[in-house]
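Colleague: Residue numbers (my numbering), protein chains in the order written: chain C, 13 to 140; chain V, 44 to 152.
Let me begin by handing over the structure; questions about it come next.
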């Protein structure tokens with residue numbers, strides 16, 4: 013069964029860069045791997061006590077789509093050789109403290125937008 | 044404040060039917076499909092409904108979704124104790140961003 017495992021530092025200092033990685037693993041590596049053109053791969057976060065916020069998505073070709081409110085600070089990249097994708101968020105503040113989830117989105121029109129598989133999430137705290 | 048508006052809480056007793064609403068606008072729910080997610084804290088969120096009313100394989104038919112105009116609903120029939128969780132709606136917005144609702148905490152009394 014395909015799984016997404018997100019990982020990264022749980023504590024980041026203000027003004028520094030948050031970096032997380034999501035490893036894609038399972039028994040259907042070929043059809044469900046990061047190189048499949050059937051999926052986008054994305055990041056979503058949830059600040060403490062608040063709702064979910066979409067950060068951005070990437071497809072295997074490297075095309076990215078970012079939340080306009082975060083676009084200036086976000087980079088999502090894909091590492092096909094290691095079957096994983098990553099998130100970088102620069103100049104973090106306490107407002108970036110959240111549980112960060114990686115997730116998979118089937119390739120469909122933007123009108124038909126949903127994530128069908130999620131990781132368990134990683135809590136990242138921004139504090140000095 | 045989320046652009047998609049959900050009630051912060053809902054409740055029901057076992058066996059009852061509960062409906063959670065999600066209100067948006069013409070640029071999101073009004074022109075795009077809605078998805079729904081079930082989330083127990085500490086676990087991975089789970090897709091319940093996509094394309095406004097479609098269930099992924101493995102999701103019980105007790106869960107159903109609908110959409111009308113700029114609003115959508117998730118209905119849970121035959122409520123069970125294991126349905127106690129947070130529920131989120133989501134939709135693409137024509138301003139080129141994806142939106143989630145603020146979430147509804149469902150309590151099974």
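For glycine and all other residues, C-beta sits at the position ideal for the given N, C-alpha and C.
When the Cα atoms are used, what is the spatial distance from residue 40(C) to residue 133(C)?
Modeller: Residue confidence for residue 40(C) is low, a pLDDT of 44 falling below 50, so the modelled location carries little weight; the figure read from the coordinates is stated next. If you take the alpha carbons of residue 40(C) and residue 133(C), they lie about 22 Å apart.
Colleague: Per DSSP, what are the beta-bridge partners of residue 97(V) in this structure?
Modeller: Per DSSP, 93(V).
Colleague: How would you label residue 30(C), buried or exposed, when you count the other beta carbons within 10 angstroms and need 16 or more for buried?
Modeller: So residue 30(C) ends up on the buried side.
Colleague: Please work out which residues of its chain come closer than 6 Å, Cβ to Cβ, to residue 135(V), disregarding the five sequence neighbours upstream and downstream, and give them in chain order.
Modeller: Same-chain partners within the cutoff: 75, 141.
Colleague: Just to confirm, are residue 52(V) and residue 119(V) a CB contact at a threshold of 8 Å?
Modeller: No. Outside cutoff.
Colleague: Would you kindly work out how many angstroms separate the C-alpha atoms of residue 60(C) and residue 77(C), rounded to a whole number?
Modeller: One C-alpha to the other measures close to 25 Å.
Colleague: Work out the CA separation of residue 22(C) and residue 64(C) for me, nearest whole Å.
Modeller: Taking the straight line joining both Cα atoms gives about 19 Å.
Colleague: When the cut-off is 8 Å and only beta carbons count, does residue 125(C) lie next to chain V?
Modeller: Yes, residue 125(C) lies at the interface with chain V (some Cβ there is under 8 Å from its Cβ).
Colleague: Helix, strand or coil for residue 136(V) per DSSP?
Modeller: Note: residue 136(V) maps to strand in three-state DSSP.
Colleague: Just checking, does the region 103-116 of chain V make contact with the region 106-119 of chain C on the three C-beta pairs under 8 Å criterion?
Modeller: These segments do not touch.
Colleague: What's the C-alpha gap between residue 42(C) and residue 113(V)?
Modeller: Low confidence applies to residue 42(C): its pLDDT is 45, below 50, so where it sits in the model is not reliable, and the reading given next is rough at best. Rounded to the nearest angstrom, the two C-alpha atoms are 39 Å apart.
Colleague: Rounded to whole angstroms, what is the Cα-Cα separation between residue 80(C) and residue 71(V)?
Modeller: Rounded to whole angstroms, residue 80(C) to residue 71(V) spans 15 Å at the Cα level.
Colleague: For the region 86-95 of chain C against the region 52-62 of chain V, are there 3 or more C-beta pairs whose distance is under 8 Å?
Modeller: Too few Cβ pairs lie closer than 8 Å, so no.
Colleague: How is the beta strand (DSSP E) around residue 87(V) delimited, first residue to last?
Modeller: Neither: residue 87(V) is in no beta strand (DSSP E) and is coded neither H nor E.
Colleague: Which word fits residue 154(V), buried or exposed, when buried means at least 16 other C-beta atoms lie within 10 angstroms of its C-beta?
Modeller: An answer regarding residue 154(V) cannot be provided, because it is not within the stretch 44 to 152 covered by chain V.
Colleague: Ignore the nearest five residues each way along the sequence and tell me which others in residue 127(C)'s own chain have a CB closer than 6 Å to its CB.
Modeller: Hits under 6 Å: 115, 117.
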